[in-house]
Amino acid sequence: MSALFFFIAAIGAIAGAVGVVVLRNPFYSVLALVSHLISLALLFLLLQAQFVAAAQVVVYAGAVMVLYVFVVAYVGGGEEPVTPTGGRSLRPVAVVFATALFVELTIAVLGTGLAAIDTRGPDVAATFGTPEQIGELLLTKYLLPFELCSFLLLIAAVGAVALARRRRGMEDDPATVSVHDVFTMSIPSGLGSQAESVGGHLVAAPTASAERDVQDDPAGDDTGKDR
Amino acid sequence: MDVKWYLAVSALIFAIGATGVLTRRNPLVVLLCLELMLNAANLSLIGFSRMWGNADGQIFAIVVMVVAACEVTVGLGIVVAMHRRRLPVDVDELRELQG
Numbered sequence: 001m002s003a004l005f006f007f008i009a010a011i012g013a014i015a016g017a018v019g020v021v022v023l024r025n026p027f028y029s030v031l032a033l034v035s036h037l038i039s040l041a042l043l044f045l046l047l048q049a050q051f052v053a054a055a056q057v058v059v060y061a062g063a064v065m066v067l068y069v070f071v072v073a074y075v076g077g078g079e080e081p082v083t084p085t086g087g088r089s090l091r092p093v094a095v096v097f098a099t100a101l102f103v104e105l106t107i108a109v110l111g112t113g114l115a116a117i118d119t120r121g122p123d124v125a126a127t128f129g130t131p132e133q134i135g136e137l138l139l140t141k142y143l144l145p146f147e148l149c150s151f152l153l154l155i156a157a158v159g160a161v162a163l164a165r166r167r168r169g170m171e172d173d174p175a176t177v178s179v180h181d182v183f184t185m186s187i188p189s190g191l192g193s194q195a196e197s198v199g200g201h202l203v204a205a206p207t208a209s210a211e212r213d214v215q216d217d218p219a220g221d222d223t224g225k226d227r
Numbered sequence: 228m229d230v231k232w233y234l235a236v237s238a239l240i241f242a243i244g245a246t247g248v249l250t251r252r253n254p255l256v257v258l259l260c261l262e263l264m265l266n267a268a269n270l271s272l273i274g275f276s277r278m279w280g281n282a283d284g285q286i287f288a289i290v291v292m293v294v295a296a297c298e299v300t301v302g303l304g305i306v307v308a309m310h311r312r313r314l315p316v317d318v319d320e321l322r323e324l325q326g
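These protein sequence lines map, in sequence, to chains A and B.
Every letter in the first sequence is one number past the one before it in this note's numbering, and letter 162, counting from 1, is 162.
Every letter in the second sequence is one number past the one before it in this note's numbering, and letter 13, counting from 1, is 240.
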């Protein structure tokens, strides 16, 4: 039974991987990677790594792939031409190289002297790979790597924001909205704001509001165009 | 199933990912193929973890997933920055690091 599940999951994983490489549209590549990740999570389950399998599905196939889908939709991801734009195509060389890599890896792994590679591994307790065990290891033996991982994630998030932000000087409309403007900005009545819905106070005196609107309009337009 | 089957699948996925990195020119797809290679490494790690009956390899796999998430975040940030600057989203056209 385990063999049947293994072959189903392995074929799914390999088919998903081939789909990522072969499909022309990046959007379909992302979808193929999602199916690949789910098949891989099944393989992890067969190896008694329940927590990693769950994290794989939730974090990878869920969160990271959604990020990919958004970026593909933003960039547009046009289908790339089959033939390269310039120069000779080195694609056959790349395929030969990858085949050689596969043969080399297979020889290295299967030709190793590890005797346990032909077994299913020792009989482990039912708690092997459960969130309890992983959590205990993460908070005792691997506490420092765990904390370093959190710092790495923070640095990556800040770096991504710094990379993808809109830089000043690239465009010729340096419209800035200060924090003070945001807090003192008045909302016209009749827009269905939350303050209105609970019958709270509406915006300040009409004259001040009209003034503020006139002041705020250009900035509002610019930001609308900008972002 | 023996552990070697998992390792063979892992090697095959790694080679497929390497093919993609070498042949595709869209940086988004190159990032996806890098993910394939990292996942193949994860499968090996978890297979060896099962082989020794030791959960340390699973911790290592989780760390690899964290590093992959960071790599994706920064890589997608670079792709978005390229798109914003009207640069061609094609790794063949980007031959220099100068902005």
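Just so it is clear, CB atoms sit at the ideal spot from N, CA and C, and this is done for glycine as well.
As a quick exercise: from A:75, A:48, A:27, pick the residue whose alpha carbon is nearest that of residue 312 (chain B).
Of the listed residues, the one whose Cα sits closest to residue 312 (chain B) is A:75.
Separation of residue 45 (chain A) from residue 158 (chain A), as counted between CA atoms
34 Å
When Cβ atoms are compared, which residues of the stretch 111–126 of chain A fall closer than 7 Å to chain B?
116, 117, 118, 119, 120, 121, 122, 124
Got a sec, what are the start and stop residues for the alpha helix (DSSP H) residue 91 (chain A) sits in?
91–110
With a cut-off of 9 Å, does the C-beta of residue 322 (chain B) fall near any C-beta of chain A?
Not one beta carbon of chain A lies nearer than 9 Å to the beta carbon of residue 322 (chain B).
Let me see if you follow: with CB-CB separation under 9 Å, is residue 144 (chain A) close to chain B or not?
no
In this structure, how does DSSP classify residue 266 (chain B) when only helix, strand and coil are distinguished?
helix
For residue 139 (chain A), report the span of its alpha helix (DSSP H) as first-last.
131–139 is the extent of the alpha helix (DSSP H) around residue 139 (chain A).
Whether residue 20 (chain A) touches residue 243 (chain B) by CB criterion (9 Å)
yes
Checking contacts by CB at 9 Å: is residue 234 (chain B) closer than that to chain A?
yes
Might you give, ordered along the chain, the residues of its own chain that have their beta carbon closer than 6 Å to the beta carbon of residue 258 (chain B), omitting 5 neighbours on each side?
302
Would you call the stretch 276–291 of chain B in contact with the stretch 117–132 of chain A, where contact means no fewer than 3 C-beta pairs closer than 8 Å?
yes
For the alpha helix (DSSP H) that contains residue 323 (chain B), what are its first and last residues?
Here residue 323 (chain B) belongs to no alpha helix (DSSP H), and DSSP marks it neither H nor E.
With a threshold of 9 Å between beta-carbons, can residue 239 (chain B) be considered close to chain A, or not?
yes
Whose C-beta lies closer than 7 Å to the C-beta of residue 23 (chain A) among residues of the same chain, with five residues either side of it excluded?
29, 32
Could you tell me the alpha carbon to alpha carbon distance between residue 9 (chain A) and residue 183 (chain A), rounded to whole angstroms?
54 Å
Please name the residue in A:161, A:64, A:4, A:198 whose C-alpha comes closest to that of residue 308 (chain B).
A:161
Is any beta-carbon of chain B found at less than 9 Å from that of residue 17 (chain A)?
Yes - at least one Cβ of chain B is within 9 Å of the one on residue 17 (chain A).
In the structure shown, what three-state DSSP assignment does residue 244 (chain B) receive?
helix
Measure from the alpha carbon of residue 268 (chain B) to the alpha carbon of each residue in B:282, B:248, B:291, then state which is nearest.
B:291
Boundaries (first-last residue) of the alpha helix (DSSP H) holding residue 304 (chain B):
First-last of the alpha helix (DSSP H) with residue 304 (chain B): 283–311.
Leaving out the 5 sequence neighbours to the left and right, which residues in its chain are closer than 8 Å to residue 72 (chain A) when beta-carbon positions are compared?
26, 27, 30
Would you kindly check if the distance between the Cβ of residue 234 (chain B) and the Cβ of residue 271 (chain B) is under 9 Å?
yes
Here's the rule: buried if 16 or more other CB atoms are within 10 angstroms of the residue's CB, otherwise exposed. What is residue 52 (chain A)?
buried
Between which two residues does the alpha helix (DSSP H) containing residue 27 (chain A) stretch?
26–46
What is the rounded straight-line gap between the Cα of residue 320 (chain B) and the Cα of residue 250 (chain B)?
One C-alpha to the other measures close to 14 Å.
Measuring only the C-alpha atoms, how far is residue 123 (chain A) from residue 151 (chain A)?
36 Å
Through-space distance from residue 178 (chain A) to residue 13 (chain A), alpha-carbon basis
50 Å
7 Å Cβ shell around residue 40 (chain A) - same chain, five flanking residues per side excluded:
13, 56
Taking the Cβ atom as the reference point for each residue, do residue 295 (chain B) and residue 255 (chain B) lie within a distance shorter than 9 Å?
For the pair residue 295 (chain B) and residue 255 (chain B), the CB atoms are not nearer than the 9 Å cut-off.
Compare the C-beta of residue 38 (chain A) against all C-beta atoms of chain B and say whether one is closer than 9 Å.
no
Span of the alpha helix (DSSP H) holding residue 158 (chain A)?
DSSP places residue 158 (chain A) in the uninterrupted alpha helix (DSSP H) bounded by 143–164.
Going along chain B, which residues have a C-beta under 8 Å from residue 134 (chain A)?
282, 285, 286, 289
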